[in-house]
Amino acid sequence: MKKQVAILGSTGSIGTQALEVISEHPDRFEVYALTANNRVDLLVEQVHKYMPEVVVIANERKYPELKEALEDLPVKVWAGSEAIAQVVQAGPIDVVLTAMVGYAGLRPTIQAIRAGKAIALANKETLVVAGELITQLANEYRVPILPVDSEHSAIFQCLAGEWNNPVEKILLTASGGPFRTKPAEELATVTKTQALKHPNWNMGAKVTIDSASMMNKGFEMIEAKWLFGLRPEQIQVVVHPQSVVHSMVQFEDGSVKAQLGIPSMKLPIAYALSYPERLKSTLPRLDFGQYAQLSFEEPDMKRFRNLAFAYEAIRQGGNMPCIMNAANEVVVAAFLEERIGFLQMSDVIEKTMEKAAFIRKPSYEDYVATDAEAREIAARLF
Numbered sequence: 004m005k006k007q008v009a010i011l012g013s014t015g016s017i018g019t020q021a022l023e024v025i026s027e028h029p030d031r032f033e034v035y036a037l038t039a040n041n042r043v044d045l046l047v048e049q050v051h052k053y054m055p056e057v058v059v060i061a062n063e064r065k066y067p068e069l070k071e072a073l074e075d076l077p078v079k080v081w082a083g084s085e086a087i088a089q090v091v092q093a094g095p096i097d098v099v100l101t102a103m104v105g106y107a108g109l110r111p112t113i114q115a116i117r118a119g120k121a122i123a124l125a126n127k128e129t130l131v132v133a134g135e136l137i138t139q140l141a142n143e144y145r146v147p148i149l150p151v152d153s154e155h156s157a158i159f160q161c162l163a164g165e166w167n168n169p170v171e172k173i174l175l176t177a178s179g180g181p182f183r184t185k186p187a188e189e190l191a192t193v194t195k196t197q198a199l200k201h202p203n204w205n206m207g208a209k210v211t212i213d214s215a216s217m218m219n220k221g222f223e224m225i226e227a228k229w230l231f232g233l234r235p236e237q238i239q240v241v242v243h244p245q246s247v248v249h250s251m252v253q254f255e256d257g258s259v260k261a262q263l264g265i266p267s268m269k270l271p272i273a274y275a276l277s278y279p280e281r282l283k284s285t286l287p288r289l290d291f292g293q294y295a296q297l298s299f300e301e302p303d304m305k306r307f308r309n310l311a312f313a314y315e316a317i318r319q320g321g322n323m324p325c326i327m328n329a330a331n332e333v334v335v336a337a338f339l340e341e342r343i344g345f346l347q348m349s350d351v352i353e354k355t356m357e358k359a360a361f362i363r364k365p366s367y368e369d370y371v372a373t374d375a376e377a378r379e380i381a382a383r384l385f
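For the sequence shown, our numbering assigns the number 4 to the initial residue and increments by one for each residue that follows.
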């Protein structure tokens, strides 16, 4: 039986690469549902190629255009966030790949878990915003959460066969982004174009900016805390410019296991979709002759304050990571529209974390209210 896959965010970087993986293994996977936010043209192309049962466009204004383009196909066409939350519950679906960007991924992930679907998690904000709630639901409904981020996939792979051996710490690798060696005084004037030029990875615009500010690594640290049941002090971020060692696990006997590979998201995507099997891949193999040196260094949390904010947010707990994430989504959107400077983003995030109401034990409704409040506060700060 082919695995039935729903891809939330099929027109983004992760979604398009996931469809490539599915194309390479048509005997193993079948697309049941595709969702996108705005990109109707690409979504229409994908529907013609993969013929899903259902397609959803989040932006309801785009619905007439999508509906007309697909009127000759036997495909259900829906629109809106409510439709995305519904489609993930469809009976035939085996695994939901959550590749939507930002807070929007939270609700459909919750609905998919409640429907008993395996989650291939590429939307890190889901665990950043509501990690405690998501892990409780996953345990309650006995649903596996399979990490798609390359770093968390690496940790997951290093832990295979080690589940009963206590972890001393994990070493979460970071490329350092495009501004790793740029002096602090020059960061004030960096441009959107510069920030979008990641040295190693091909990612969507929002994730690429988060990588440049190191907020992405802060998110991944929080995500790792929930995925692997660790304390923040057990998660060490290590800058590794070559992006070959995707992350490491250190055990109580001092042994360190690492997972290595070329910088391609198709490997962790395929592993999450096929787990516990490994699928044959046509990706280039890692050639150690091309890497005469693998280097590692400590992150500079004074220059890249967002990483420090993430550690502070998870230490406080409650809704503080939700506040941080909402502020970050606001400032990244503003930076991409060139309405705010690179260093200004951190200033706004810090002030929003100070001003927004703190809730120690938030419910889902509290997360929704917190997200709205933090966005409003952040938008007033620049």
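Note that the Cβ used here is the ideal one computed from N, Cα and C, for glycine as well.
DSSP, reduced to helix, strand and coil, places V333 within a helical segment of the structure shown.
Beta-bridge analysis with DSSP links W81 to V59. If you draw a 10 Å sphere on the C-beta of K220, you find 16 or more other C-beta atoms in it, and that means buried.
The alpha carbon of G180 has as its nearest neighbour, out of L22, Q7, F307, the alpha carbon of F307. Taking N203 as the centre and dropping the five residues before and after it, the same chain places the C-beta of S178, S246, P266 closer than 6 Å to its C-beta, in chain order. For the beta strand (DSSP E) assignment, the uninterrupted runs of no fewer than 3 residues enclosed by the region 106 to 139 are, from N- to C-terminal side, 121 to 124. Rounded to the nearest whole angstrom, the C-alpha separation of V78 and Y53 is 11 Å. Between I272 and V24, the gap from beta carbon to beta carbon is short of 7 Å. Counting of Cβ neighbours within 10 angstroms places E301 among the exposed residues, the total staying below 16. By alpha-carbon distance to D44, the top candidate from L190, I113, I60 is I60. Rounded to whole angstroms, the gap between the alpha carbons of K70 and I17 is 24 Å. The continuous stretches of alpha helix (DSSP H) do not include I362, and DSSP gives it neither H nor E. For the region 252 to 329, the full-length alpha helix (DSSP H) segments reaching 4 residues or more read 269 to 277, 308 to 319 along the chain. Secondary structure of A187 (DSSP, three-state): helix. Contact annotation: the region 219 to 233 touches the region 149 to 156, with at least three C-beta pairs closer than 8 Å.
The C-alpha of A329 lies about 25 Å from the C-alpha of S156. When secondary structure is reduced to three states using DSSP, V43 falls in the helix class. Annotation note: the region 199 to 257 contains the following uninterrupted alpha helix (DSSP H) runs of length 4 or greater, listed N- to C-terminal: 208 to 216, 218 to 231.
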